[in-house]
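First up is the structure itself, then whatever we jot down about it.
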Amino acid sequence: MYRIIAYDEPTAKNGYTVFDPRINLHLLAGKLTLKEQDINDLSLTVNQSNPLFDNVRPMHTHVEVYEDNDLIFRGRAIKPQREMNSNGAFSREYTFESIEAYLLDSIQRFYVAVGQSPKEFLQTLIDVHNDQVPDYKKFDVKNVDVDNSTDNEYRQIDYPNTRDAIKEHLLERLGGYLTVHYNKDGRNTLDYTKTIGTDHKNDTPIEIGVNMESAKLLIDPTKVITRVIPLGAQIKSQDVELGDDNTTNWENIPGGGGATTAINGDWTPAINHAAQLMGVTLDQNSLNTILRRIQQESGGSETVQNNWDSNAAAGTPSIGLLQYIQPTFNYWAVQGHTNIRSGFDQLLAMFNDSNWLRDISRPGGWGPTGTRRVNGPVSEPSQTVSTTQNTWGWPFPGSGDRPFSQAQSFGYDGGYRINSFHDGLDFGSNTHPGNPIHAIHGGTVIIKSYMNGLGNYMVTHSKDGYNIVYQEAFSSPGNIWKNVGDVVKTGDEIGQRTTDHLHVGVTKADFYAAVRKSFTNDGTWLDPAKLIREGGQEGDKTSSSTKYTNSGDGPKPRVTIASVNEGRDYIDVPELQKEFDIINGKIEFNDIEDPSQLFEAAKAWIKSQNAASFSWEISALELPNFKHFKVADRYMFVNPYVANPQLLRVVEKQIDFINPHKSELTISPQDVSLSGYQVEQSRTIDQRLQLLNRQVRRQGTVIVNNGNALGDVQQVITSGGTADTQRYDQINFHLKNLQTAVDDLPQKYVSIEDYNKLKKAVEELQQKGSDNSGN
Numbered sequence: 001m002y003r004i005i006a007y008d009e010p011t012a013k014n015g016y017t018v019f020d021p022r023i024n025l026h027l028l029a030g031k032l033t034l035k036e037q038d039i040n041d042l043s044l045t046v047n048q049s050n051p052l053f054d055n056v057r058p059m060h061t062h063v064e065v066y067e068d069n070d071l072i073f074r075g076r077a078i079k080p081q082r083e084m085n086s087n088g089a090f091s092r093e094y095t096f097e098s099i100e101a102y103l104l105d106s107i108q109r110f111y112v113a114v115g116q117s118p119k120e121f122l123q124t125l126i127d128v129h130n131d132q133v134p135d136y137k138k139f140d141v142k143n144v145d146v147d148n149s150t151d152n153e154y155r156q157i158d159y160p161n162t163r164d165a166i167k168e169h170l171l172e173r174l175g176g177y178l179t180v181h182y183n184k185d186g187r188n189t190l191d192y193t194k195t196i197g198t199d200h201k202n203d204t205p206i207e208i209g210v211n212m213e214s215a216k217l218l219i220d221p222t223k224v225i226t227r228v229i230p231l232g233a234q235i236k237s238q239d240v241e242l243g244d245d246n247t248t249n250w251e252n253i254p255g256g257g258g259a260t261t262a263i264n265g266d267w268t269p270a271i272n273h274a275a276q277l278m279g280v281t282l283d284q285n286s287l288n289t290i291l292r293r294i295q296q297e298s299g300g301s302e303t304v305q306n307n308w309d310s311n312a313a314a315g316t317p318s319i320g321l322l323q324y325i326q327p328t329f330n331y332w333a334v335q336g337h338t339n340i341r342s343g344f345d346q347l348l349a350m351f352n353d354s355n356w357l358r359d360i361s362r363p364g365g366w367g368p369t370g371t372r373r374v375n376g377p378v379s380e381p382s383q384t385v386s387t388t389q390n391t392w393g394w395p396f397p398g399s400g401d402r403p404f405s406q407a408q409s410f411g412y413d414g415g416y417r418i419n420s421f422h423d424g425l426d427f428g429s430n431t432h433p434g435n436p437i438h439a440i441h442g443g444t445v446i447i448k449s450y451m452n453g454l455g456n457y458m459v460t461h462s463k464d465g466y467n468i469v470y471q472e473a474f475s476s477p478g479n480i481w482k483n484v485g486d487v488v489k490t491g492d493e494i495g496q497r498t499t500d501h502l503h504v505g506v507t508k509a510d511f512y513a514a515v516r517k518s519f520t521n522d523g524t525w526l527d528p529a530k531l532i533r534e535g536g537q538e539g540d541k542t543s544s545s546t547k548y549t550n551s552g553d554g555p556k557p558r559v560t561i562a563s564v565n566e567g568r569d570y571i572d573v574p575e576l577q578k579e580f581d582i583i584n585g586k587i588e589f590n591d592i593e594d595p596s597q598l599f600e601a602a603k604a605w606i607k608s609q610n611a612a613s614f615s616w617e618i619s620a621l622e623l624p625n626f627k628h629f630k631v632a633d634r635y636m637f638v639n640p641y642v643a644n645p646q647l648l649r650v651v652e653k654q655i656d657f658i659n660p661h662k663s664e665l666t667i668s669p670q671d672v673s674l675s676g677y678q679v680e681q682s683r684t685i686d687q688r689l690q691l692l693n694r695q696v697r698r699q700g701t702v703i704v705n706n707g708n709a710l711g712d713v714q715q716v717i718t719s720g721g722t723a724d725t726q727r728y729d730q731i732n733f734h735l736k737n738l739q740t741a742v743d744d745l746p747q748k749y750v751s752i753e754d755y756n757k758l759k760k761a762v763e764e765l766q767q768k769g770s771d772n773s774g775n
């Protein structure tokens with residue numbers, strides 16, 4: 001017998017009865033849903049005669065539900081609903097949630113826990129909760145027997161409510177059950193235990209013909225994994241020693257401080273340096289004009305000499321980057337930079353021409369026509385400037401500065417990606433050919449790993465603060481030639497492009513944090529082409545730090561088995577692939593940091609993996625001579641027409657107060673092994689075989705009957721009798737039936753030999769399932 005007591009306030013001691021059929025207090029409707037792993041809830045619908053009508057305040061009014069003398073629910077009101085039906089009758093519907101929902105009322109603060117036991121971690125969460133709520137919402141932690149699988153369990157929380165923190169970091173990671181107990185004379189309590197519930201092998205069965213109203217079994221093999229990707233612990237941030245990458249400030253450096261030759265085949269940094277010394281401001285168009293002239297005159301060589309034109313015949317061959325002849329170069333050269341075979345000295349001479357841009361823009365050959373701009377020496381600026389000694393270069397010499405399509409370029413991409421934003425620069429193997437890949441800037445390798453979307457990738461960190469990622473170009477880790485801790489300088493060969501493009505991204509943010517903003521144009525990612533062409537950006541400054549630590553809280557790579565499994569980060573399961581084809585899935589082992597241990601753990605998981613999930617829906621009667629069903633308890637299911645007899649766990653129970661003896665039970669999904677799945681399938685096959693056998697027998701009877709009819713026809717023909725129209729029609733009918741039966745035999749039915757083979761296979765599967773039933 002059920003009864004419900006209400007309280008106007010959560011701390012009230014005296015309540016009033018709102019449902020008890022024994023004293024004629026009824027409900028229009030009422031259902032209580034008890035759940036194993038979630039917050040219980042109650043819905044009540046009352047009319048004007050009920051004390052609860054218009055007497056409920058959300059979060060204040062509390063109710064208790066008793067089953068006989070046992071308290072099975074205590075909770076608070078959350079959702080009132082008012083209604084008038086078509087007959088003019090008024091009603092109120094109220095929803096209540098159990099006191100476990102108190103844990104939703106507090107917010108945890110950012111916290112990192114390392115090495116805490118589950119009980120210690122839970123206690124920490126509850127302490128934070130208790131500091132924020134009134135006394136009636138507080139909890140004491142009592143029984144905890146769940147353990148970590150490692151002593152250095154790492155947990156990080158970021159402002160969730162307390163219930164969600166418990167669910168994510170304990171229940172979902174370690175398993176176990178959270179149980180809340182109400183204490184009217186003190187604090188409520190919490191238990192966190194490995195198991196709850198009781199097995200009922202000999203009492204209170206759920207049995208057809210006794211207390212089972214309906215039962216449904218759904219076999220779901222969609223959760224099976226036939227290609228397992230094991231994932232271990234997140235790879236912890238590690239300090240990386242920063243080496244000398246030649247990246248230093250161009251600040252008060254006498255006689256130097258910028259590129260004076262091509263970097264990785266690119267003259268852009270040296271051009272910028274020369275322009276700065278000569279007081280020339282370059283835009284992109286003028287820079288491109290110089291680069292085209294260099295390509296036309298010398299192909300980028302600062303020592304090439306022309307020995308076949310008229311100048312050569314006159315004894316003054318054109319030499320070097322811009323193909324000056326010696327007398328002309330001598331006139332325009334800047335003091336202290338008089339080496340005709342120095343490309344940098346020729347650039348200074350070019351800028352010394354007041355008409356330099358117009359002169360080099362003419363088609364065909366060129367020559368200076370203006371006046372000298374500088375007659376004395378030039379020196380480096382005394383103030384800090386952006387360019388560094390190490391500067392920047394293209395990853396593919398000779399093709400790096402070729403035009404980029406909109407989809408390849410940094411920034412707005414024309415709508416190809418999320419938010420129409422591209423966070424880097426793509427060098428296609430067709431549009432920007434070449435190999436190997438060269439470093440575009442100096443730095444120390446801080447990451448070499450694999451990430452979905454990036455593929456195999458490498459990140460360098462420069463002393464002037466740039467994190468540069470090279471990604472999507474390497475079909476295997478071996479295509480990256482550098483390792484964590486290696487120092488690279490601009491132009492160094494770092495790997496081999498084996499895909500259709502290289503993506504280069506540059507950021508000054510923590511790399512993992514920047515990955516989270518790959519499709520967000522908020523300044524986190526920088527334009528690589530602009531940095532390469534301009535030699536960095538204003539404000540670049542070297543750091544004196546000798547170590548780098550990835551400190552961001554973004555996604556981090558995890559330990560995989562690739563290093564101990566011939567480069568493959570997955571394990572195939574052939575017997576399951578034969579049954580279900582290839583289905584990829586990941587399995588997480590958050591506490592394993594060693595690839596070999598991860599490999600062994602994954603193989604053990606595969607050995608115990610289940611092939612399918614059985615879901616149940618059961619409606620059962622709670623009879624007077626049986627105990628009531630309880631959530632988390634297991635009961636014998638007895639219905640041979642649906643499944644073999646077995647213990648089933650109740651994970652949810654819905655009590656209808658209008659029909660209190662009828663319970664809707666939700667059964668915990670059962671994961672079954674491949675043999676169990678095949679045995680259950682064999683039940684279906686066996687049923688089909690029995691049906692097929694009956695059909696064969698019936699068809700045999702038809703054939704015999706039709707054969708007898710054919711004999712009658714033959715007798716009529718032999719006797720020479722004359723058949724009337726009725727007999728003739730009957731003969732045709734039997735003949736057509738016989739022909740149809742004969743035609744159907746090879747298409748619809750199996751031979752008796754095939755039938756016996758199939759029956760034998762089914763019996764073997766059933767025997768196998770019986771042998772494994774104890775597992």
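Quick note, the sequence shown lines up with residues 1 to 775 if you use UniProt numbering. Heads up, the beta-carbon is just placed ideally off N, CA and C, and yes, glycines get one too.
Test item: CB-CB of residue i and residue j under 8 Å
i, j, result
"residue 107", "residue 159", "yes"
"residue 397", "residue 441", "no"
"residue 99", "residue 14", "no"
"residue 234", "residue 568", "no"
"residue 652", "residue 35", "yes"
"residue 340", "residue 319", "yes"
"residue 52", "residue 6", "yes"
"residue 456", "residue 479", "yes"
"residue 633", "residue 198", "yes"
Candidates the options: closest to residue i by CA position
i, options, result
"residue 490", "264, 573 and 38", "264"
"residue 539", "468, 559, 464 and 524", "464"
"residue 393", "502, 27 and 534", "534"
"residue 9", "499, 648, 110 and 76", "76"
"residue 576", "19, 165, 225 and 470", "225"
"residue 583", "67, 570 and 268", "570"
"residue 21", "7, 504, 12 and 67", "67"
"residue 630", "432, 619 and 650", "650"
"residue 115", "591, 662 and 54", "591"
Residues that DSSP places opposite residue i in a beta bridge
i, result
"residue 199", "634"
"residue 502", "427"
"residue 44", "30 and 94"
"residue 241", "547"
"residue 77", "96"
Whole-angstrom distance between residue j and residue i, CA atom to CA atom
i, j, result
"residue 255", "residue 443", "At residue 255 the pLDDT is 39, less than 50, meaning the model places this residue with poor confidence and gives no usable figure here."
"residue 278", "residue 290", "15 Å"
"residue 350", "residue 368", "8 Å"
"residue 416", "residue 426", "13 Å"
"residue 16", "residue 47", "16 Å"
"residue 195", "residue 529", "60 Å"
"residue 603", "residue 119", "30 Å"
"residue 283", "residue 460", "29 Å"
"residue 245", "residue 531", "17 Å"
"residue 541", "residue 524", "18 Å"
"residue 204", "residue 171", "30 Å"
"residue 41", "residue 33", "5 Å"
"residue 645", "residue 637", "5 Å"
"residue 281", "residue 262", "20 Å"
"residue 331", "residue 492", "37 Å"
"residue 597", "residue 566", "16 Å"
"residue 434", "residue 475", "16 Å"
"residue 193", "residue 117", "13 Å"
"residue 647", "residue 504", "58 Å"
### Message
Quick check for students: name the residue ranges of the beta strand (DSSP E) that lie wholly in the segment 552 to 615, counting only runs of 3 or more.
### Response
584 to 588
### Every unbroken beta strand (DSSP E) inside the segment 151 to 199 [3 residues or more]
154 to 157, 177 to 181 and 188 to 193
### Message
I'd like the ranges of any alpha helix (DSSP H) spanning at least 4 consecutive residues and lying wholly in the segment 255 to 287.
### Response
268 to 277
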